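Trainee: This is the structure I want to talk about, given as structure tokens.
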Amino acid sequence: MSEIDALEINKTISDGMLRIVASGEIDSTAEKEFVAHVLDTIEATDAERIVLDLNLVTFIDSSGLRLLLKGQRQADRQGIPLTLMVSPGNPVSRLLEVAGVREMFAYESADS
Amino acid sequence: MVAVRRYDVLDSPPDGAFERITALAARLFDVPIALVTIVDSDRIWFKSRHGLDVGEIPRDPGLCASAILQDGPYLVNDATTDPRTLANPLVAGELGLRFYAAAPLTTHDGHNLGTLCVIDRQPRELTDDEVTNLQDLASVVVDELELRLSARRTVQVEAELRHVAEELAGTLQDSLLPAELPAVAGLELVARYHVAQRDQVGGDFYDVFADPSGGGFGVVVGDVCGKGAFAASLTGTARWVLRTIALGDWTPSEALARLNAVLLAESAEPERYCTLALAAVRPRPDGGAELEVALAGHPQPLLVDASGNVQRLGQTGPICGWFDEAEYADAVAEIPPGALVLLFTDGLLEAIGGHGCASDGPVQDVLRSVAGRSAVDVADALDRALPADDLQDDAAFLVIRVDEA
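So the sequence lines, in the order shown, correspond to chains A and B.
With positions in the first sequence counted from 1, the corresponding number in this note's numbering is that position plus 219.
With positions in the second sequence counted from 1, the corresponding number in this note's numbering is that position plus 10.
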């Protein structure tokens, strides 16, 4: 359907909120990038809450879902609430639905 | 000769690098002819030739055959007076060779494969510096040959390793899939499996097994997150746990919950999971069949009746092997005579719908186009809809068709 576009990750922190914006594709080829810039960031942060914005993700597969689940587990372990930003119809939203894990995450509305 | 064979250079196609060297040699020494020659048992073959139309000459009159017998450069300043070449047909004949200077192509282990030589129809003399230049150019030729040899070896070794890996993966893969599907009266079963990378064990699997208490059989199609050895071990665990559970009283949702618990307790690497569609199929004595299905993070199977109406089956439950609290639900569907159920992995959606396709629409279109046909026809139609080139992901599917009344 589309050309493969590499995962890109941007991070900002303000008022105790770590905001991670991922764009592009989250699959097994993006694992290194995701681990380095999401999982390790979550591990090192002293933020009070984390928002993972996935609205610009164009593709995600089961390897990508595993990375999201690991991110959530990591945040849990540190006691930091993690919420996802993902609009309906986005590939991430569809995969969370099919994988039966939608209720396992907390969500942020787009205007926060 | 063995060395010549080893470099496998004889009769190889023209090669820009060697063409450039002979052109350079001709310019540098201001001669009409420059050659890279390889001395074979009965001929002298020209790997590269500048200013000469002949591709090879017999070994006997060839000066290069003499030149490679000595280690240093071989110089003939005037062939018409030199006793070594006086009577040579190349000198007396049409070519009219007068001047010949050759540096042997000496490999790093000391074999002379041939020469880099320059030829003129006038008598000439080379200065010591020029002789050194000729020898240096000959070393460049040898370096190029060595480079090609090592590149070819690397490719060969890689091909051999790949072959071994493919064989291993293929054998392991076979052990993870049922050797053949059971024959069930009143039903037609067909499974297909397409692996994206043949040197790895795929992450998809399927199985069909006996269900003594239900009087039918169990069927599962699954997808392990990941590939290779880990996927193989998780696949094996999942198949045998389900087969064992099916020996007692079970429903698909209970079986998935138990498998989830086993995977969480047992997995050496807990941060992996699989998705499955698990069904119990019970043929009815008077035709048709009942199908009870539960899903663990897996795309919904499709029921297609003989007129092409498509219905999704099952209720989504969470992936298997990740969450302690995973709960699953059973859904029951009637498969009327002439209808079929397709269980598949998400790789099929992408293979038929294109990269990133998570919709089952394109698969449904294929199913509608062959509604009412045999399970083999349906499987063939799905196979035909797959891309001809390499798949991005493994794709597996299983067709269960109930015979016409």
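Where a beta carbon is used, it is the ideal one built from N, C-alpha and C, also for glycine.
Note that the coordinates shown come from a computational prediction; the quantities given were computed from them, not determined experimentally.
Contact check, Thr285 of chain B vs Ala249 of chain A under 8 angstroms by CB: the rounded distance?
Mentor: Going by Cβ atoms, the distance from Thr285 of chain B to Ala249 of chain A rounds to 20 angstroms, so no, they are not a contact pair.
Trainee: State the Cα-Cα distance for the pair Ala405 of chain B and Leu353 of chain B, rounded to the nearest angstrom.
Mentor: The alpha-carbon atoms of Ala405 of chain B and Leu353 of chain B are separated by roughly 11 angstroms.
Trainee: For chain B, check one thing: does any of its Cβ atoms lie closer than 8 angstroms to the Cβ of Gly319 of chain A?
Mentor: Output row for Gly319 of chain A: interface = yes.
Trainee: When the Cβ atoms of the stretch 61 to 71 of chain B are set against those of the stretch 40 to 50 of chain B, are three or more pairs found closer than 8 angstroms?
Mentor: Touching, yes.
Trainee: Assuming Arg394 of chain B is part of the alpha helix (DSSP H), what are its boundary residues?
Mentor: Where Arg394 of chain B is concerned, the enclosing alpha helix (DSSP H) stretches over 385 to 395.
Trainee: How should Tyr326 of chain A be labelled, buried or exposed, when 16 other C-beta atoms within 10 angstroms of its C-beta is the threshold for buried?
Mentor: With fewer than 16 Cβ atoms within 10 Å of its Cβ, Tyr326 of chain A is classed as exposed.
Trainee: Would you check if the stretch 219 to 233 of chain B and the stretch 261 to 276 of chain A touch, i.e. whether three or more CB-CB distances between them fall below 8 angstroms?
Mentor: In short, these stretches do not touch, since the Cβ pair count stays below three.
Trainee: Looking at the structure shown, is Ile329 of chain B part of a helix, part of a strand, or coil, going by DSSP?
Mentor: If DSSP states are grouped into helix, strand and coil, Ile329 of chain B belongs with coil.
Trainee: Specify, as a first and last residue, the run of the beta strand (DSSP E) that Gln321 of chain B falls within.
Mentor: Taken as a continuous stretch (DSSP letters only), the beta strand (DSSP E) holding Gln321 of chain B covers 320 to 322.
Trainee: Nearest-angstrom Cα distance between Glu276 of chain B and Val234 of chain B?
Mentor: Taking the straight line from one Cα to the other gives about 15 angstroms.
Trainee: Pull up the CB-CB distance for Tyr338 of chain B and Arg285 of chain A, whole angstroms please, since I reckon it's below 8 angstroms.
Mentor: That belief does not hold up - the Cβ atoms of Tyr338 of chain B and Arg285 of chain A are roughly 20 angstroms apart, past 8 angstroms.
Trainee: Thinking C-beta only, is Ile269 of chain A closer than 8 angstroms to Glu252 of chain A?
Mentor: Their beta carbons are not under 8 angstroms apart, which means Glu252 of chain A does not touch Ile269 of chain A by this criterion.
Trainee: Buried or exposed: which applies to Trp260 of chain B, given that a residue is buried once 16 or more other Cβ atoms fall within 10 Å of its Cβ?
Mentor: The residue in question, Trp260 of chain B, is buried, as its Cβ has 16 or more Cβ neighbours within 10 Å.
Trainee: Name the chain A residues whose beta carbon is nearer than 9 angstroms to that of Thr285 of chain B?
Mentor: Ordered by position in chain A, the residues that pass the 9 angstroms Cβ test against Thr285 of chain B are Ser281, Val317, Ala318, Gly319.
Trainee: Going by C-alpha to C-alpha distance, which of B:Arg383, B:Pro99, B:Val211, B:Arg15 sits closest to Ala1 of chain B?
Mentor: Given that chain B is displayed from residue 11 to residue 415, the structure contains no residue 1 of chain B and the question cannot be resolved.
Trainee: Tell me which same chain residues have a C-beta within less than 6 angstroms of the C-beta of Pro300 of chain A, skipping the five on either side of it?
Mentor: Excluding positions up to five away in sequence, the list reads Arg268.
Trainee: Find the residues of chain A that neighbour Pro309 of chain B, judging by a C-beta separation of less than 7 angstroms, and give them in chain order.
Mentor: Chain A residues near Pro309 of chain B: Val317.
Trainee: For Phe215 of chain B, which three-state DSSP category applies?
Mentor: Residue state, collapsed to three classes: strand.
Trainee: Return the first residue and the last residue of the alpha helix (DSSP H) that Trp250 of chain B is part of.
Mentor: 238 to 255 is the span of the alpha helix (DSSP H), which, as asked, contains Trp250 of chain B.
Trainee: In the structure shown, what three-state DSSP assignment does Thr419 of chain B receive?
Mentor: This structure does not reach residue 419 of chain B, given that chain B is present from 11 up to 415, and the question cannot be answered.
Trainee: Return yes when the Cβ of Ile362 of chain B is within less than 8 angstroms of the Cβ of Ala299 of chain B, no when it is not.
Mentor: No, Cβ-Cβ distance for Ala299 of chain B and Ile362 of chain B is not below 8 angstroms.
Trainee: Mind listing which residues of the stretch 325 to 337 of chain B have their C-beta closer than 7 angstroms to chain A's C-betas, in chain order?
Mentor: Answer set for the stretch 325 to 337 of chain B: Thr326, Gly327, Pro328, Ile329, Trp332, Phe333.
Trainee: Does any C-beta atom of chain B lie closer than 8 angstroms to the C-beta of Arg238 of chain A?
Mentor: No, Arg238 of chain A lies away from the interface with chain B (no Cβ there is under 8 angstroms from its Cβ).
Trainee: Relative to the alpha-carbon of Arg411 of chain B, which residue among B:Leu358, B:Leu312, B:Pro372, B:Ala97 has its alpha-carbon at the smallest distance?
Mentor: Minimum Cα distance to Arg411 of chain B is reached at B:Leu312.
Trainee: Sort B:Gly357, B:Arg163, B:Glu302, B:Val320 by Cα distance to Leu401 of chain B and report the nearest one.
Mentor: Nearest option by C-alpha distance: B:Gly357.
Trainee: Confirm, please, whether the CB-CB distance from Val14 of chain B to Asp52 of chain B is below 8 angstroms.
Mentor: Not a contact, by the Cβ cut-off of 8 angstroms.
Trainee: Report yes or no: do the stretch 26 to 36 of chain B and the stretch 99 to 115 of chain B share at least 3 C-beta pairs separated by less than 8 angstroms?
Mentor: No: fewer than three Cβ pairs fall under 8 angstroms.
Trainee: Using the Cα positions of Gly120 of chain B and Ala206 of chain B, report the straight-line distance between them to the nearest angstrom.
Mentor: Rounded to the nearest angstrom, the two C-alpha atoms are 46 angstroms apart.
Trainee: Could you list the residues in the stretch 295 to 318 of chain A with a C-beta less than 8 angstroms from some C-beta on chain B, going in chain order?
Mentor: Correct list: Pro310, Arg313, Leu314, Glu316, Val317, Ala318.
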